[in-house]
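For the sequence shown, counting from 1, position 5 maps to 78 in the numbering used here; every step adds exactly one. C-beta atoms are modelled at their ideal positions from N, C-alpha and C, and glycine is treated no differently. Quick caveat: nothing in here was measured; it's all calculated off a predicted structure.
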Amino acid sequence: MGGKACVRGMRVTVGMIVEQIGTGHSFDEILADYPYLQREDILQALRYVRSHL
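Written out as structure tokens, the structure is:
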């Protein structure tokens, strides 16, 4: 994924999740779009971003 931070080694980047949240998608909507993710994956992505600001 071009060196971007990914969720649990999947082809889902932290940026993709943050973009979804930023455009108003709920956790449930994200989980429906990416059924292989877990709620904790979203939380960890947000924690990662917060720690790198």
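Spatially closest choice to residue i from the options, by CA coordinates
{"i": "Y109", "options": "M83, H98 and Q117", "result": "M83"}
{"i": "V85", "options": "S99, Q117 and S124", "result": "Q117"}
{"i": "R120", "options": "G97, G76, V87 and Q111", "result": "V87"}
C-beta contact flag for residue i and residue j at 8 Å
{"i": "D114", "j": "V80", "result": "yes"}
{"i": "Q111", "j": "I103", "result": "no"}
Test: residue i CB closer than 8 Å to a CB of chain B
{"i": "F100", "result": "In the displayed structure, chain B is absent; only one protein chain is listed."}
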